[in-house]
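For what it's worth, my numbering labels the leading residue of the sequence shown as 471, then goes sequentially.
Idealized CB from N, CA, C, for every residue including glycine.
Note that this is a predicted model, so its numbers are computed, not measured.
Single-structure report; data block below.
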Amino acid sequence: MFDYDNIAHASKAELADFIEAHGLHPPDALITRAGVLRDKIYGKRVFMRALVEFSNHCTKGCYYCGLNRGNQTVNRYRLSEQEILDALTRARSFGFNSFVLQSGEDAYYRGGKLVNIVRAIKAHFPGTALTLSVGELFQDEYKSLFSAGADRFLLRHETANACHYERLHPPGMTLASRLECLQALKKAGFITGAGFMVGRPYETSEHLAEDLIFLREFQPHMAGIGPFIPQSDTMFHDFKAGSPQLTVTMVALTRLMLPRATLPTTTALATLSKEAAFLAIKAGANVIMPNFTPETRQGDYAIYNGKKGIQKSTEGGLAALIRDLDEIGFTADFSRGDPLVKEG
Ligand code: 5AD
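Printed below as a string of structure tokens:
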């Protein structure tokens, strides 16, 4: 019998064995444990964050991602500062107090442009929380963005195994530089998020165990975990999608590792299975990020095929989401939703 109480000390082999034996069928005992732990710290609240994908330009060549620089079929776009503010104004009108700005690694915004956008957002919407997800930057750039008022930063570690990392990324991208960035983000003062995909090409149960051990050691304030979904214009178009059930198992194990972190139920998971996306909430997830990217651009932000959220970000869609959450005993929470983590 797996010792859930002792997970903080479980070895890589124990975790890998558990994942191998039960990953595809998350045991009720695991889901319940993880849910109870979330309830103890956060209650039955699910934090709502408005996502705006403001640029799909990218200088990187990640093999799994549809936005990789080599993909000539992408219709590339950038939103202007005004378009970003308009999208967030719409989210504000629905009551959101927490925003996430995501983009490819677009050099256009370096050297001050993103800093100015952050300042404008914080001036327009005082008291709201702003999360950035814009990839690898120099320490000084992270510092400037934090000084400008950004509160949080998501940078998935992608895989904690250096060899596996190299099989998913082109030469020049290394796990070491990823981890340096994550350290730099924490040092700059950001509430910092890591995370990974489940069912990545070449993945083993040992890799998943290593991801959990990395999270336990790094103690991010947030962690995003979603299934890999093949994108037809990438090198990995022929690989299978990750299992939604295995993704739920990994969310639950992550909750046991990081009791105080905020964990989204991801758009990728909802894309494969709405049922699994709600099961992830029962299993400890407590964030949903409805997409407020202008509708005309949403199709161009094709990280993977068939992307769709848990609900559409319209008045009707959000009302339906609130009802669905209510039905499983949860409340949609539109506050800033700060992670309840200790400093450090
Ligand atoms: N399937 C699922 N998730 C993906 N990401 C990138 N490509 C895919 C894909 N094909 C995830 C990565 C990245 C985040 C922005 O999206 O983990 O960090």
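heavy atom of the ligand 5AD below 7 Å from residue i C-beta
i, result
"glutamate 606", "no"
"glutamate 636", "no"
"arginine 767", "no"
"proline 700", "yes"
"methionine 667", "yes"
"tyrosine 534", "yes"
"isoleucine 773", "yes"
"arginine 622", "no"
"histidine 628", "The sequence given here has glutamate at residue 628, not histidine. At least one heavy atom of the ligand 5AD is nearer than 7 Å to the Cβ of glutamate 628, so yes."
"alanine 693", "no"
"alanine 818", "Only positions 471 to 814 of the chain appear in the structure, and residue 818 is not among them; the question remains open."
"glycine 531", "no"
"glycine 696", "yes"
DSSP-derived helix/strand/coil call for residue i
i, result
"glutamate 673", "coil"
"proline 714", "helix"
"aspartate 803", "strand"
"glycine 814", "Any reading at glycine 814 is ruled out, since the residue's pLDDT is 45, under 50, leaving its predicted position unreliable."
"valine 544", "coil"
"glutamine 572", "strand"
"leucine 549", "coil"
"phenylalanine 517", "strand"
"serine 525", "strand"
"threonine 724", "helix"
"isoleucine 695", "strand"
"threonine 704", "coil"
"phenylalanine 666", "strand"
"threonine 737", "helix"
"isoleucine 477", "helix"
"threonine 644", "coil"
Integer-rounded CB distance, given that residue j should sit under 8 Å from residue i
i, j, result
"tyrosine 578", "arginine 546", "With 8 Å as the limit, tyrosine 578 and arginine 546 do not qualify as a contact, their Cβ atoms being about 11 Å apart."
"threonine 737", "valine 757", "At roughly 11 Å, the Cβ-Cβ gap does not stay under 8 Å, so threonine 737 and valine 757 are not in contact."
"phenylalanine 698", "glycine 669", "5 Å"
"tyrosine 533", "histidine 627", "Not a contact, Cβ separation roughly 16 Å."
"glycine 663", "phenylalanine 623", "7 Å"
"alanine 646", "tyrosine 612", "Alanine 646 to tyrosine 612, Cβ: 17 Å. No contact."
"threonine 763", "valine 522", "5 Å"
"alanine 590", "glutamate 553", "Their Cβ separation, rounded to whole angstroms, is 12 Å, which puts alanine 590 and glutamate 553 out of contact at 8 Å."
Short CB-CB distance (under 8 Å) between residue i and chain C
i, result
"phenylalanine 488", "Here there is only one protein chain, and chain C is not present."
- Message: Could you tell me which whole alpha helix (DSSP H) segments of length 4 or greater appear in the stretch 757 to 811?
- Response: 765 to 768, 785 to 797
- Please determine if the stretch 663 to 680 and the stretch 480 to 498 are in contact, where contact requires at least 3 C-beta pairs separated by less than 8 Å. yes
- Item | beta strand (DSSP E) segments (min. 3 residues) lying fully within the stretch 560 to 632 | 568 to 573, 599 to 603, 622 to 624
- Contact the stretch 614 to 622 vs the stretch 552 to 565: 3+ CB pairs below 8 Å: These segments do not touch.
- Message: Counting beta carbon pairs with one atom in the stretch 780 to 792 and one in the stretch 746 to 761, are three or more of them shorter than 8 Å?
- Response: yes
- Are three or more beta carbon pairs between the stretch 509 to 517 and the stretch 702 to 714 nearer than 8 Å? no
- Query: Using 8 Å as the Cβ pair cut-off and three pairs as the minimum, do the stretch 713 to 726 and the stretch 492 to 508 touch?
  - Reply: yes
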